[in-house]
Amino acid sequence: MTPIYDPQGLEAQAQAAWQRSGAFVADESRPGEKFYCLSMFPYPSGRLHMGHVRCYTLGDVINRYRRLKGYNVLHPMGWDAFGLPAENAAIKHNIPPAKWTQDNIDYMRTQMQRLGFGMDWSRELATCDPEYYRWEQWLFLRLYKKGLVYRKNAIVNWDPEDQTVLANEQVVDGRGWRSGALVERREMAQWFLKITDYAGELLDELEHMDGWPESVKSMQRNWIGRSEGAEIDFLLAHDPDQKLTVFTTRPDTLMGATYVAVAAEHPLALAAAQEDAQLEAFIERCRQNTTAEADMATLEKAGMSTGLSVRHPITNALLPVWVANFVLMEYGSGAVMSVPGHDQRDWEFAQNYGIPVIQVIEPVDDSVCDLNVAAFTHRGRLINSGAFNGLGFDDAFAEIIAALAESGLGRHVTNFRLRDWGVSRQRYWGCPIPMIHCAECGVVPVPEEDLPVELPTEVSFQGVGSPLVSMPSFLDVDCPQCGAAARRETDTFDTFMESSWYFARFASPDSNAMVDERASYWTPVDHYVGGIEHAILHLLYARFYFKLMRDEGLVKDNEPFNRLMMLGMVLQDGKKMSKSAGDAGDPQKLLDRYGADTVRTAMMFAAPPEQSFEWSEAGLEGAMRFLRRLWAGVHEHRQAMEEVPELVKEDLSSSAKALRRKAYETLAKADDDFGRRMQFNTVVSAVMELINAIGRMDVENDADRAAVHEAWTLAVLVISPIAPHISHHLWEALGQQDALIDHPWPEVDHSALVQDRLTLVVQVNGKVRGQIEVAQDAEQGAVIELAKADANVARHLEGKHIRKEIVVPKKLVNIVVG
RNA sequence: GCCCGGGUGGUGAAAUUGGUAGACACAAGGGACUUAAAAUCCCUCAGAGAUAAUACUCCGUGCCGGUUCGAGUCCGGCCCCGGGCACCA
């Protein structure tokens with residue numbers, strides 16, 4: 004009798020066995036090349052959703068596969084525990100964020116363990132733990148001393164009714180989500196990290212990062228946005244001691260500049276507005292936009308003259324200064340020179356406001372230039388540019404900059420789109436920024452020995468603002484410099500700070516330094532799995548942070564992640580699963596009904612990793628059926644004999660040989676898919692094909708039995724990273740002595756793959772007209788003759804002139820006729 | 001708006017370097033087993049035409065065009081969907 008497949012019981016047993024042997028507790032002293040396998044740690048939002056299940060199953064498949072391949076694997080897990088939802092829950096349900104977060108962690112850990120992920124839980128960390136974030140504060144202070152930290156004003160979304168700063172996602176159609184009040188842009192002093200100091204390295208390293216998808220490198224390249232251009236100074240007409248500096252990538256078009264535009268927050272605009280009520284009103288309107296770049300970019304272009312003028316740095320002509328809603332204060336110097344003839348945005352603006360358009364570039368190829376229709380933005384030859392007429396782009400670029408340099412009004416610069424990283428958040432549930440404000444001494448860093456600055460967890464939310472602001476026990480502190488009464492910084496860090504180095508802490512989780520030499524052993528991460536939504540921000544900040552740590556001597560490599568696997572989204576109603584989407588994505592009821600192996604297999608089978616797909620439970624029945632067939636097949640096979648006969652290759656029937664070939668083809672394909680291609684749905688298909696082939700096999704003698712045994716053994720081994728629990732039991736059922744997870748991944752028996760006859764496709768003019776069977780080593784001429792002899796092929800060749808014969812070895816023959 | 005992806009049967013998908021489009025599944029329909037149901041097993045399954053036939057023919061990978069003996073795959077243009085756009089994580 005075949006025992007029934009009872010996933011709940013079997014899975015608990017298998018997990019207990021792994022637990023007992025400490026199978027997934029990583030140890031630096033174990034033999035084998037180290038392999039750091041990491042999936043992006045989750046925000047503890049409450050319960051897992053199918054997006055998590057996908058990400059962590061993929062990570063676990065890699066983990067288990069590498070283990071079978073003999074690597075010393077680290078596969079840790081932790082919690083990105085600071086963040087906005089905990090505060091929202093606190094306000095809504097009156098639960099302290101710390102408790103809410105801890106409850107969620109406990110529940111989600113249980114779910115992960117139920118899924119059978121082979122993780123090293125001894126290294127678990129939560130970023131809200133002072134023993135974690137103290138090192139973040141420590142590094143921040145080191146960076147402050149190095150001059151990599153500074154404070155400046157930056158624009159935030161301000162909800163005037165709730166008197167609080169809003170995240171972009173809390174702004175809905177320009178209004179605060181809670182209050183419904185129109186959101187204003189407001190300037191506030193904020194802490195910044197000088198990521199721009201590393202812009203060049205962050206960009207250049209991308210060239211060597213072969214383990215990253217091209218798409219992600221391309222996104223990061225564009226985000227960093229290196230551009231060569233010029234900084235040009237325009238002196239103010241009414242006060243030549245003051246200058247307005249702009250950045251342009253097209254200094255060759257300088258002679259066509261007809262106005263200068265500044266951002267609404269630009270000091271010049273603000274100064275002009277003091278004497279101009281209309282301008283003030285316009286700037287006020289510009290303020291009623293969110294800080295989101297997408298909103299800025301889709302705005303109807305609008306502007307207003309400041310009434311001020313500047314001098315053209317070469318012609319000395321007067322150019323008007325406009326305020327424009329599309330100029331970003333954060334980018335460059337918050338001012339642009341406008342050349343409507345050769346920049347489409349400037350052209351549209353000039354059309355709207357009747358500003359003159361001057362052509363200074365003419366085409367040098369057959370491209371069309373009609374400035375009545377659109378700007379001409381191609382590079383070309385200069386006209387209407389005085390001494391520079393006739394120059395091409397490169398010469399004009401160099402000579403105009405040289406001319407400006409001579410008068411001290413311009414210089415060549417390399418500019419980056421990347422802006423410094425604003426790390427201040429006016430929120431409670433985050434890592435306190437270790438700074439003190441003293442009336443006498445100004446900003447004073449917290450002394451290292453006073454770290455960590457602990458976030459008080461006993462808090463009550465009165466309104467929506469940060470409780471820290473009204474907590475004397477937190478706020479009041481003596482100035483470390485002068486001893487006078489001072490006030491703590493109440494801003495907390497951006498949560499990207501925590502997620503920028505957690506992978507290094509996993510390597511030395513109990514260290515009494517930020518990290519220790521174990522971090523140098525495990526990092527860089529060899530395989531990093533995570534959602535494509537993190538392609539820019541998280542991955543760029545983490546790369547930056549790793550370089551900061553390197554420059555502090557904490558780690559030795561330049562880059563933190565060797566190989567990156569970017570997952571598509573698991574969608575729900577066509578959108579990414581979110582914390583607010585409720586239980587629809589919760590795997591719990593599926594785990595209860597089908598067990599972990601079925602959920603894992605169905606998820607892996609559903610789509611290749613990089614593809615987004617709409618989650619559906621339709622595949623679960625099929626996955627369960629597949630595992631049951633595997634279960635029953637192995638047990639029936641094992642019960643049909645006392646002893647497993649030895650495999651004697653010479654005794655194999657042709658069908659047994661075919662089965663062996665299929666089995667080893669499956670092994671080779673799985674190795675390639677797990678290791679190189681990182682595509683796992685095809686591994687599931689391949690094993691399905693293999694067990695279908697075993698099922699079709701008529702077992703007549705011991706040689707057949709031995710081949711079938713080998714095939715079952717390989718099927719169980721190959722599927723084990725995906726469905727580890729059932730595989731654990733079937734491995735025992737097959738009579739194996741060792742535990743499956745400790746078994747080495749087998750070598751392919753190449754002799755089993757040899758085929759003496761091959762089937763080739765025959766095409767006539769690219770259309771399939773027949774198939775022929777040829778010897779493995781058949782000569783080209785013979786293959787063509789055989790192809791022509793096929794009845795249907797011959798019919799299509801009849802009366803036609805053969806112009807070309809193409810033979811693709813082992814694949815096809817194409818005969819081209821006229 | 002800008003950057004990055006994706007679009008293949010009723011559905012999820014496969015086709016790895018330009019070489020048989022739809023493997024493997026799901027759903028559906030038909031059949032076997034059963035008193036019955038579930039489970040299991042077998043068959044059919046892109047569309048159209050034609051046939052005694054599973055021979056055969058045409059058509060087909062979002063749309064339009066191109067390169068090639070040959071295009072789902074490469075190139076140009078477009079449409080739609082998804083992700084990111086610096087305070088969701």
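Number 458 in this note's numbering belongs to position 455 of the first sequence; there are no gaps in the numbering.
No residue lacks a Cβ here, since even glycine has one placed at the ideal position from N, Cα and C.
Predicted model only: the values in this text are computed from it and were never measured.
| Item | Value |
| --- | --- |
| Secondary structure of R126, DSSP reduced to three states | helix |
| Whole-angstrom C-beta distance between V447 and P483, which should lie under 8 Å | 6 Å |
| Reference M500, options W21, K102, F195 and A184, closest by Cα | F195 |
| Whole-angstrom distance between K246 and S410, CA atom to CA atom | 13 Å |
| Nearest-angstrom beta carbon gap, H728 and A17 [assumed within contact, 8 Å] | 4 Å |
| Three-state secondary structure (DSSP) of P448 | strand |
| Between the CA atoms of R699 and G636 - distance to the nearest angstrom | 12 Å |
| Segment contact, 8 Å Cβ cut-off, at least three pairs: the region 417-434 with the region 189-204 | yes |
| Length of the line joining the Cα atoms of N91 and R117 | 29 Å |
| Per DSSP, the bridge partner or partners of K155 | Q193 |
| R680 beta carbon less than 8 Å from that of A710 | no |
| In DSSP terms, what P79 is bridged to | D123 |
| 6 Å Cβ shell around L41 - same chain, five flanking residues per side excluded | F506, V528 and Y531 |
| Contiguous beta strand (DSSP E) assignments of at least 3 residues, all confined to the region 174-242 | 187-196 and 229-239 |
| R188 and F509 closer than 8 Å at C-beta | no |
| Rounded C-alpha distance that separates Y201 from S341 | 30 Å |
| Separation of E713 from V651, as counted between CA atoms | 12 Å |
| Cβ-based burial, G585 [other Cβ within 10 Å; buried from 16] | With a pLDDT of 47 at G585, under the threshold of 50, the predicted position of this residue should be treated as unreliable, though the coordinate-derived value follows. Exposed. |
| Beta-carbon proximity list for P450, same chain, < 6 Å, skipping 5 on both sides | P483 |
| Whole-angstrom distance between G310 and V324, CA atom to CA atom | 7 Å |
| Spatial distance of A538 from M222 (CA atoms) | 7 Å |
| DSSP-derived helix/strand/coil call for M307 | strand |
| Secondary structure of G585, DSSP reduced to three states | Legend: pLDDT at G585 = 47, less than 50; position of this residue unreliable, value from coordinates given subsequently. DSSP places G585 in helix when its eight states are reduced to three. |
| The region 616-634 / the region 596-608 touching (three or more Cβ pairs under 8 Å) | yes |
| Test item: CB-CB of P437 and L144 under 8 Å | yes |
| Distance, A726 Cα to L71 Cα | 14 Å |
| CB contact flag (L205, R546, <8 Å) | yes |
| Of the residues A320, E492 and G306, the one placed nearest W348, counting alpha carbons only | Rather than Trp, the amino acid found at residue 348 in this sequence is Arg. If we check each option's Cα against that of R348, G306 comes out closest. |
| Buried versus exposed, by CB contacts within 10 Å (16 or more), L421 | buried |
| Nearest candidate by alpha-carbon position, reference A406, set L257, Y431 and A26 | L257 |
| Proximity below 8 Å, CB of V265 to CB of G335 | no |
| Whole-angstrom distance between E278 and P455, CA atom to CA atom | 49 Å |
| Cβ-based burial, K95 [other Cβ within 10 Å; buried from 16] | exposed |
| Proximity of V690 and A718 at Cβ, strictly below 8 Å | yes |
| Proximity of P724 and G73 at Cβ, strictly below 8 Å | no |
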